[in-house]
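The structure appears below as structure tokens.
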Amino acid sequence: MRKDNCYRITIEEVNVEEGREAKSLSFEVQDREDMLNIVEKINQGSGLEPTDATRVGVALRLLGPVMMKDRKHPLFADFMPHFRNFMQNMKSTVKRNYA
């Protein structure tokens, strides 16, 4: 039986105008992949700035499984081949450059 990794994602609004309460959202997600390890590898092997690499890694692990599950959904149908090509390119780039 597969054991998924569980994560809590929290986004908090910062630099809020005085007198207005900051908004936030939080949700939990299960992922078959180790999201933190993936982010580390993308940080070290992508050539992106660390903050950008982190954003890309988290975004991909949040979007990818939804797209795979709903790959025939009209929202994803046109994008899926491009996403697949992007992922193959990113994986080979990171693998080649990961120290």
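Numbering of the sequence shown is given in our numbering, commencing with residue 1489 and proceeding in unit increments.
We treat Cβ as the ideally placed atom computed from N, Cα and C, and that holds for glycine.
Quickly, what does DSSP pair residue i with across the bridge? List them, please.
i       : result
Ile1499 : Leu1513
Asp1566 : None, per the DSSP bridge assignment.
Asp1519 : Asn1493
If contacts are defined as beta-carbon pairs under 8 Å, then residue i and residue j qualify, I think. What distance do you get, rounded to the angstrom?
i       : j       : result
Ser1514 : Thr1539 : Actually they are not in contact, since the Cβ atoms of Ser1514 and Thr1539 sit about 21 Å apart, beyond 8 Å.
Are there any heavy atoms of the ligand SAM lying less than 8 Å away from the beta-carbon of residue i, as far as the coordinates show?
i       : result
Ile1530 : Looking for the ligand SAM in the displayed structure turns up nothing, as the structure carries no ligands at all.
Going by beta carbon distance, what residues of the same chain come within less than 8 Å of residue i, once the five residues before and after it are set aside?
i       : result
Leu1550 : Ile1497 and Val1517
Might you give, ordered along the chain, the residues of its own chain that have their beta carbon closer than 7 Å to the beta carbon of residue i, omitting 5 neighbours on each side?
i       : result
Pro1553 : Asp1519
Ile1526 : Gly1545 and Arg1549
Classify residue i as buried or exposed, calling it buried when 16 or more other Cβ atoms lie within 10 Å of its own Cβ.
i       : result
Ala1510 : exposed
Lys1560 : exposed
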